[in-house]
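Engineer:
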Amino acid sequence: RACTPSFTPITPGAEPMGWLQGRTVVVTRSGERQAPLAELLRARGAAVVELPLIVTREVPDEVERLAAEIGRHQWLAVTSPSGAAIVARLGVPAGVCLATVGPATADALSRCDLVATVHNGAGLVAEMGPGRQRSVLVVEAAGAALTLTRGLRDAGWVVTAVRPYATVSMAPPESQVAAAVAADAVVFASGSAARAWAEQIGTHGPDVMLAMGPQTASEARQVGLKISLVATDHSLHGIVSTLDSTPHATG
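Positions 2 to 252 (my numbering) are the ones given, in order, by the sequence shown.
#1: From I87, R58, G84, A95, pick the residue whose C-alpha is nearest to that of G72; which is it?
#2: According to the neighbour-count rule (16 or more other Cβ atoms, all chains shown, within 10 Å of its Cβ), is G144 buried or exposed?
#3: Start and end of the alpha helix (DSSP H) containing S136?
#4: Among N121, A156, H120, which has the Cα closest to the Cα of V137?
#5: Check whether the Cβ atoms of L38 and I228 sit closer than 8 Å, and answer yes or no.
#6: Leaving out five residues before and five after A15 in sequence, what residues of the same chain have Cβ atoms less than 6 Å from its Cβ?
#7: Comparing C-alpha positions only, which one of L244, E220, G225 sits nearest to N121?
#8: Indicate whether E141 and T80 have their beta-carbon atoms separated by less than 8 Å.
#9: I'd like to know if the stretch 154-168 and the stretch 179-188 are in contact, where contact means that at least 3 CB-CB pairs between them fall below 8 Å.
#10: Sort out for me which residues DSSP pairs E175 with in a bridge.
#11: Between the stretch 203-218 and the stretch 169-180, can you find at least three pairs of beta-carbon atoms closer than 8 Å?
#12: Rounded to whole angstroms, what's the CA-CA distance from G252 to A48? Just pull it up for me.
#13: Do you know how far the Cα of V188 is from the Cα of T233?
#14: One question on the structure: do L244 and L226 come within less than 8 Å of each other, judged by their Cβ atoms?
#15: What would DSSP say about T148, mapped onto helix, strand or coil?
#16: Excluding the five sequence neighbours on either side, which residues of its own chain have a C-beta within less than 7 Å of the C-beta of V64, listed in chain order?
#17: Can you tell me which of the three DSSP states L244 falls into?
#18: Which whole runs of the alpha helix (DSSP H) in the stretch 100-129 are 4 residues long or more, in chain order?
#19: Following the continuous alpha helix (DSSP H) through S83, name the residue where it begins and the one where it ends.
#20: In angstroms with no decimal places, state the Cα-to-Cα distance between P13 and V26.
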């Protein structure tokens, strides 16, 4: 479907309180990316434990390569907000069509032409359809799965992949770990955050473990985490709504 901004601000007191009222939720997003989700959760009455488990670092050589390639292709496919931030900074020529894996990535861009209905690499492949030898530049993380690039090539696209950033696990403060494990819920917005939780804390944690999208859920389960909720609306608002309204998030 066509891209449209998905973020809808939540004003405190503007919506009825649900499951989140009085609950404690762990946010595992890194650095400044924690703030928007934490704000939305607090607006629904939740206490937030900020536990950054990953840090995103740019890969200078790949950023330079992206800058050189960005205007040479008919399509640009972006897989995450981190990649979208770099793309937005570099700028995209008007003649290049933009596609994203999900609305959270689309929201980080000033414009886009297509967002996958199913928010993963396979979903974007299906949405983009037959390539007919058109060219696409894929912007993804270092070490990313080959689902998107292989799928597009199999569909007849001429694919160039660039990986201008890497996600690295970081050890959380011990004082925060105990509070995180004792919380009511934890949110994983990426597979890398889920893997970092398993590496740094283990597979135990809050009874409610939410993954943003099916791809993150799959990667989290592969490392032994018991994902109980999946936000199929791959956005911050989707995370909050899923936690607050799902009948599974009770007790």
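In this text, a Cβ means the ideal position worked out from N, Cα and C, and glycines have one as well. Owing to the predicted nature of the structure, the values given are computational and were not obtained by experimental measurement.
Structural biologist: Short version:
#1: The residue with the shortest Cα to Cα distance from G72 is A95.
#2: exposed
#3: No alpha helix (DSSP H) contains S136, which is instead part of the beta strand (DSSP E) from 136-142.
#4: Residue A156 is the option with its Cα nearest to V137.
#5: L38 places its beta carbon 8 Å or farther from that of I228.
#6: Low per-residue confidence applies at A15: pLDDT is 47, beneath 50, and the placement is therefore not dependable, though the value from the model is reported in the following sentence. Excluding residues within five positions, none has a Cβ falling inside 6 Å.
#7: Comparing Cα-Cα distances from N121 to each of L244, E220, G225, the minimum goes to E220.
#8: yes
#9: no
#10: Under DSSP, no beta-bridge partner is assigned to E175.
#11: no
#12: The pLDDT assigned to G252 is 43, lower than 50, so where the model puts this residue is not dependable; a value taken from the coordinates is nonetheless given after this. Going from the Cα of G252 to the Cα of A48 covers about 17 Å.
#13: 13 Å
#14: no
#15: helix
#16: So the list reads I87, P165, once near-sequence residues are dropped.
#17: Helix at L244.
#18: 104-108, 122-129
#19: 82-91
#20: With a pLDDT of 43 at P13, under the threshold of 50, the modelled position of that residue is not reliable, and no figure is offered here.
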